[in-house]
Amino acid sequence: MAKATEILRKEHDVILKMIEATEITAARLERGERVPDSLLAGIIEFFQLFADRCHHGKEEEVFFPRLVEKGMPSDGGPVGVMLHEHEMGRELIRRMSEAEGAYRAGASSAASSWAKAARSYATLLREHISKENEVLFMMAERMLSETEQQELAEAFERVETERMGAGTHERLHARMEQLLREAASSPAH
Ligand SMILES: [Fe+2]
Ligand SMILES: [Fe+2]
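Put into structure tokens, the structure is as follows:
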């Protein structure tokens, strides 16, 4: 089985792909283009389920607590910063979701509200992921033994089954491919 930090790094790559699609979509809205409601809703759903419930769930319920057990400070230190950024992300997703509802209802300012929240979310997550990859995970890789990495990877599987249900991860991957294509496709003339 892959090491816990490898699993989290791979999930970061998936999240970064969706962040690109999010920025492309924000740019289309900023140009005044009409995009399908389902694209905005799909992007939000992806971040709520894959990034927050699944990936942040593994970090918050399994990975960070183990680092704290191993002696990393629980607040103030890098773990505290990461937890705070997860919260900021939730707030921005909430704003994107609100704007999506308004967009669907035809509100004139909704496109720019969605784009603004989405750009903030993209910036936040990119920086968050780079801090985890380049700082926190490097520290974790020095602190954790091979056996501990394996135990954490097994615990991740339990989080995934309990919080997501069997098959959800695969369904989200397929949905992501579809959203990437949708985000990049030009409007119909
Ligand atoms: Fe995180
Ligand atoms: Fe992460």
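Under my numbering, the first residue of the sequence shown carries the number 479, and numbering increases by one thereafter. We put the CB at the ideal spot given by N, CA and C, even for glycine. Every value quoted in this text rests on a predicted model; they were computed, and no experiment measured them.
Check, Outcome
"Contacts around G584, its chain only, beta-carbon distance under 8 Å, and the 5 residues preceding and following it disregarded", "none"
"First and last residue of the uninterrupted alpha helix (DSSP H) at H533", "Note, H533: premise wrong, no alpha helix (DSSP H); not H, not E."
"Buried/exposed call for G554, threshold 16 Cβ in 10 Å", "exposed"
"M560: CB within 7 Å of a non-hydrogen atom of ligand 1", "yes"
"Counted within 10 angstroms of its Cβ, other Cβ atoms place G596 as buried (16 or more) or exposed", "As written in the sequence, residue 596 is Ala, which differs from the Gly given in the question. By the neighbour-count rule (16 or more Cβ atoms within 10 Å), A596 is buried."
"Cβ neighbour criterion (16 or more within 10 Å) applied to H667", "Bear in mind that a pLDDT of 44 at H667, under 50, signals an unreliable position, so the number given afterwards is only what the model happens to contain. Label assigned to H667: exposed."
"Where H667 falls: helix, strand or coil (DSSP)", "Reliability of the predicted coordinates at H667 is poor, the pLDDT of 44 falling under 50, and no value is obtained from them."
"Assigned secondary structure, R512 (DSSP; H/G/I helix, E/B strand, else coil)", "coil"
"Under 8 Å between C-beta atoms of F524 and M496", "yes"
"Distance cut-off 7 Å: L486 Cβ against heavy atoms of ligand 2", "yes"
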